[in-house]
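Numbering (this note's numbering), first residue to last: 16 to 107.
All residues carry an ideal CB built from backbone N, CA and C; glycine is no exception.
This report refers to the structure that appears directly beneath it.
See the structure below:
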């Protein structure tokens, strides 16, 4: 069965195999309640995250910053990045 599938798949034109789309972009949530800016968000999540508020330029930047960017450009530790990314996903 697997050999048959592999033969059929190998005969497909390359364009057909690449028709699937990539992962969808996650939406940036609107500020709500008393959380209106990155400083308020980081204060609410605790663990001294409020001290990192100056590293995020805007609300959009908070929700679009990648792990690599947080590591290289913002010099955040692994624990800080994981904490912020976890709470960022919970807020969505």
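For the alpha helix (DSSP H) that residue i lies in, which residues bound it at each end?
i, result
"residue 55", "53-60"
"residue 94", "93-106"
"residue 77", "74-79"
"residue 87", "82-87"
In angstroms, rounded to a whole number, what distance separates the CA positions of residue i and residue j?
i, j, result
"residue 65", "residue 18", "56 Å"
"residue 44", "residue 36", "23 Å"
"residue 59", "residue 40", "25 Å"
"residue 62", "residue 98", "8 Å"
"residue 101", "residue 107", "10 Å"
Buried or exposed: residue i, going by 16 or more other Cβ atoms within 10 Å of its Cβ?
i, result
"residue 51", "exposed"
"residue 80", "buried"
Is residue i near residue j, with beta carbons less than 7 Å apart?
i, j, result
"residue 96", "residue 82", "yes"
Rounded C-beta distance between residue i and residue j? I'm assuming under 8 Å.
i, j, result
"residue 77", "residue 46", "So it is not a contact: roughly 10 Å between Cβ atoms."
"residue 89", "residue 105", "Rounded, the Cβ-Cβ distance is 20 Å, inconsistent with contact."
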